[in-house]
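In my numbering, the protein residues as written are 4 to 732.
Don't be surprised by glycine CBs; every beta carbon is placed ideally from N, CA and C.
Notes for the one structure printed next.
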Amino acid sequence: MSLRFQAINDLTGAKEVAVASTTKVTAIFGENVFTLKTAREYLSDEAYKSLQASIKGSKKIDRTVANQIANGIRAWAQSKGVTHYTHWFQPLTGTTAEKHDSFFTLKGDGTAIEEFDGAALIQQEPDASSFPNGGIRATFEARGYTAWDPSSPAFIMEIGLGKTLCVPTIFVSYTGELLDYKGPLLKALESINKAAVDVCNYFDKNVTKVTPTLGWEQEYFVIDEALANARPDLVQCGRTVFGASPAKGQQLEDHYFGSIPERVYAFMRDFEEESYKLGIPLRTRHNEVAPAQFECAPIFEEVNIAVDHNVLLMDIMSRVAKRHRLRVLLHEKPFAGINGSGKHNNWSLATDTGVNLLAPGKTPKTNLMFLTFFVNTIKAVHDYADLLRASIASAGNDHRLGANEAPPAIISVFAGQYLAKVLSDIETRVGDKFDEQDEAILKLDLHRSIPELLLDNTDRNRTSPFAFTGNKFEFRAVGSNANCANAMTVLNTIMAQTLKTFKKDVDALIEKGDKKEIAIMHVIQKYIVESKKVLFEGDGYSEEWAKEAEGRGLANVKTTPLALDAMVTDKAKHLYEACGVLTHTELEARHEIELENYIKKVQIEGRIMGDLAINHILPAAINYQTTLANNISAIKATGLPESAYASQLTMLKEISDRINIIYTKVNEMVEARKKVNNLTDTREKAIAYEAEVKATFFDEIRYHVDKLEHLVSDEDWTLPKYREMLLLR
Ligand code: ADP
Ligand code: MG
Numbered sequence: 004m005s006l007r008f009q010a011i012n013d014l015t016g017a018k019e020v021a022v023a024s025t026t027k028v029t030a031i032f033g034e035n036v037f038t039l040k041t042a043r044e045y046l047s048d049e050a051y052k053s054l055q056a057s058i059k060g061s062k063k064i065d066r067t068v069a070n071q072i073a074n075g076i077r078a079w080a081q082s083k084g085v086t087h088y089t090h091w092f093q094p095l096t097g098t099t100a101e102k103h104d105s106f107f108t109l110k111g112d113g114t115a116i117e118e119f120d121g122a123a124l125i126q127q128e129p130d131a132s133s134f135p136n137g138g139i140r141a142t143f144e145a146r147g148y149t150a151w152d153p154s155s156p157a158f159i160m161e162i163g164l165g166k167t168l169c170v171p172t173i174f175v176s177y178t179g180e181l182l183d184y185k186g187p188l189l190k191a192l193e194s195i196n197k198a199a200v201d202v203c204n205y206f207d208k209n210v211t212k213v214t215p216t217l218g219w220e221q222e223y224f225v226i227d228e229a230l231a232n233a234r235p236d237l238v239q240c241g242r243t244v245f246g247a248s249p250a251k252g253q254q255l256e257d258h259y260f261g262s263i264p265e266r267v268y269a270f271m272r273d274f275e276e277e278s279y280k281l282g283i284p285l286r287t288r289h290n291e292v293a294p295a296q297f298e299c300a301p302i303f304e305e306v307n308i309a310v311d312h313n314v315l316l317m318d319i320m321s322r323v324a325k326r327h328r329l330r331v332l333l334h335e336k337p338f339a340g341i342n343g344s345g346k347h348n349n350w351s352l353a354t355d356t357g358v359n360l361l362a363p364g365k366t367p368k369t370n371l372m373f374l375t376f377f378v379n380t381i382k383a384v385h386d387y388a389d390l391l392r393a394s395i396a397s398a399g400n401d402h403r404l405g406a407n408e409a410p411p412a413i414i415s416v417f418a419g420q421y422l423a424k425v426l427s428d429i430e431t432r433v434g435d436k437f438d439e440q441d442e443a444i445l446k447l448d449l450h451r452s453i454p455e456l457l458l459d460n461t462d463r464n465r466t467s468p469f470a471f472t473g474n475k476f477e478f479r480a481v482g483s484n485a486n487c488a489n490a491m492t493v494l495n496t497i498m499a500q501t502l503k504t505f506k507k508d509v510d511a512l513i514e515k516g517d518k519k520e521i522a523i524m525h526v527i528q529k530y531i532v533e534s535k536k537v538l539f540e541g542d543g544y545s546e547e548w549a550k551e552a553e554g555r556g557l558a559n560v561k562t563t564p565l566a567l568d569a570m571v572t573d574k575a576k577h578l579y580e581a582c583g584v585l586t587h588t589e590l591e592a593r594h595e596i597e598l599e600n601y602i603k604k605v606q607i608e609g610r611i612m613g614d615l616a617i618n619h620i621l622p623a624a625i626n627y628q629t630t631l632a633n634n635i636s637a638i639k640a641t642g643l644p645e646s647a648y649a650s651q652l653t654m655l656k657e658i659s660d661r662i663n664i665i666y667t668k669v670n671e672m673v674e675a676r677k678k679v680n681n682l683t684d685t686r687e688k689a690i691a692y693e694a695e696v697k698a699t700f701f702d703e704i705r706y707h708v709d710k711l712e713h714l715v716s717d718e719d720w721t722l723p724k725y726r727e728m729l730l731l732r
């Protein structure tokens, strides 16, 4: 019996796994995190204060204090049964990495002790020579090291084998280049903090810190593990490369409105509980549009922490799914023909005075501050749309962007009807003759119209890649499998740079004698004029928009290799350097790594297609071909006329034709890969993989395989079908 039928058989007996239910989230929330509250308990006053200061980013921790902190963390971890620690980091491969070391050690005289000293806390050499480095380390040193990031708290991972103390770190080469996602993110946050505080001080001198906030919404699919295991494509690349659309897909939308299936519900409760222990504030869970698709979202947090939490959540979900004999699919497009998965990044800026800078205020003064940040965001997106596009580019997301279910590859901003009107009013009203009376009227208008916006939730545009949603922007084009750090690094960097320029522009006008508010209004008006072409209120999924955007001169880069070009333009290099986020070498290295990731993904998918076609699809088709041929001979032998087996002949002919095409195309694809593999320039190779391998062969081979699925007897078909993966559990 094929794995497919075994899996289906086993499913009949599949029951939800019982989960111990916690009645109160607060009872377990953060229990596996070395929070400041825990630190208070385990650290001396000196060590505690030092840790606290370094979390605020104001002070470095010295060696002796580091020893004390390390000891405190170990004591806490050991009290919870932990024996090993690891430096946990986020390499550019898109997953997290860890290398476990024991607290256990032998002293010179052979005494066995448990130890975790400051040096081990601060730095570890993970022997990570095989993590991607874009050629940086090859030319210098073979290895990099991980360095403690005190701004993310240590935590205990207890799912799977053993319990491990995880120390969040950044990953750096010996020559000092950042080789991970967190390093540049932290620098971008530092940069925007400074730039935003300066601008805030026009309105409020009490603001001393601005912290970007992130609330992600994670979409994912859940299917039965045995069915997933019977699909070599899901096992190896996380998406199905073949599979005919089922009769019942998402057209009834019954999944979206239906109740959560029991097995999945048990799984959700279980991973939520594990998330709470790690301090991840999950808040919502629901079904998504496609069958077997779901979403969860937390309460928003500081970007740095939110990024860690999202990466952790993805890890937790995959681990916990095993307990339930389920498989979580985080790929952007696991199934053709139904919706893919995204990860909306809700983003805003919070001051240490408790103000959300992207929430319209209650007084004319706070509204001018809101308007300043609102317009600066639009300007940043307009000026650096290409970098935002690059930040969400991946082989997986290419299947999703612009596929009529996700925002297009065109970056535009949705402001909402009210604010769009406010912007156009400013544009027309603030002319050369703009004076204090105009200013007063405008402030009043703003004051009157903006608060209504918050009440009106219907003013939503779900087709925009970058939408204002009342008190935050929602970057909707991020892929479900992505590390949000990438998008967040870019967004916060471009915002920092735009705010810096804004300050310069305003100061220049003030110097010329303009009153502060009038200077600000003038610059706001200038920015609106300069960036209004990026504003779009209509249907982002429509073809008309693609045409209109082209007319407006907005880019529509559909493939990853070309989208990534934006990372290494002079403009990008200047930006990252000016904000102190990434050096030119680091940018070049990242560009190279992303291209290589793309190449590898497409290469692997190409191989999987070949393997499945030759070893699964064609054998099934040939079996059935033989059955048909035997049947035809048998009928013929009875002396019946050809009309008696005419349908069988037609079927046989179609199957034979498709077998030939598939076989030929798979071989041609192998040849095409060989040719492309010989290219030495990484960018050219990535472009060629897209054009000459993926675009030339993937859809065509798939077309014929999916046709065969409809022709060949169900009994002979070995791969689980879409209807089974999506609807059975
Ligand atoms: P929806 O967009 O589905 O109507 P919400 O408005 O509640 O739902 O928010 C969706 C996501 O946005 C949640 O993850 C939430 O935490 C996040 N969010 C809300 N306010 C902010 C903010 N100021 N900064 C960042 N994220 C936010
Ligand atoms: Mg949303």
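V314 and F92 have their C-alpha atoms spaced approximately 10 Å apart.
Cβ neighbours of L557 within its own chain (closer than 6 Å, five residues either side excluded): I413. Taking a C-beta distance under 8 Å as the contact criterion, G482 and K346 qualify as a contact pair. Three or more Cβ pairs closer than 8 Å define a contact, and the stretch 190–209 meets that threshold against the stretch 579–587. Excluding residues up to 5 positions away in sequence, T243, L722, P723 and M728 lie with their Cβ nearer than 8 Å to the Cβ of R234 in the same chain. Between A229 and A10, the C-beta spacing is below 8 Å. Contact annotation, P156 with F338: C-beta distance approximately 37 Å; criterion of less than 8 Å not satisfied.
The C-beta separation of H312 from A269 comes to about 22 Å, leaving the pair out of contact by the 8 Å criterion. Relative to the Cα of L237, the nearest Cα in the group L329, A552 and V200 belongs to L329.
G282 and D65 have their C-alpha atoms spaced approximately 28 Å apart. The beta carbons of S105 and H90 sit about 14 Å from each other, so the pair does not count as a contact at 8 Å. Secondary structure at S155: coil, using DSSP grouped into helix, strand and coil. Of the candidates I159, R77, G163 and Y177, the residue whose Cα lies closest to the Cα of C169 is I159.
The DSSP-derived three-state label of M160 is strand. Following the DSSP letters along the chain, one finds A637 inside the alpha helix (DSSP H) bounded by residues L621 to A640.
DSSP, reduced to helix, strand and coil, places A353 within a strand of the structure shown. In chain order, C487 and A488 place their CB closer than 6 Å to the CB of V310, counting only its own chain and leaving out the 5 sequence neighbours on each side.
Listed as beta-bridge partners of F471 by DSSP are F476. Per DSSP, the beta bridge partners of L285 are P301. Per DSSP, H312 is not a residue of any beta strand (DSSP E); the alpha helix (DSSP H) it occupies stretches across V306 to R326. The three-state secondary structure of D508, taken from DSSP, is helix. Where F8 is concerned, the enclosing alpha helix (DSSP H) starts and stops at L6 to L14. Close CB contacts of N600 within its chain, under the 6 Å cut and outside five residues either way in sequence, are absent.
For the pair L598 and T699, the CB atoms are not nearer than the 8 Å cut-off. By the criterion of at least three beta-carbon pairs nearer than 8 Å, the stretch 361–380 is in contact with the stretch 201–210.
Here the distance from the Cβ of P337 to the nearest heavy atom of the ligand ADP is not below 7 Å.
Residue environment for Q254: exposed (fewer than 16 other C-beta atoms within 10 angstroms of its C-beta). Cβ neighbours of T108 within its own chain (closer than 7 Å, five residues either side excluded): I116 and E118. As DSSP reads the structure, Q126 sits in a beta bridge with A150.
Approximately 6 Å separates the beta-carbon atoms of W219 and N348; this is inside 8 Å, confirming the contact. Per DSSP, the continuous alpha helix (DSSP H) segment holding W548 begins and ends at E546 to R555. Contact check for L538 against A388 fails: the beta carbons are separated by 8 Å or more. Taking the C-beta atoms as reference points, V493 is found no nearer than 8 Å to L352. Cα atoms of A30 and K561: separation of roughly 48 Å, rounded to the nearest angstrom. The three-state reading of DSSP puts S105 in strand, counting E and B together.
Here the alpha carbon of A632 sits roughly 26 Å from the alpha carbon of N670.
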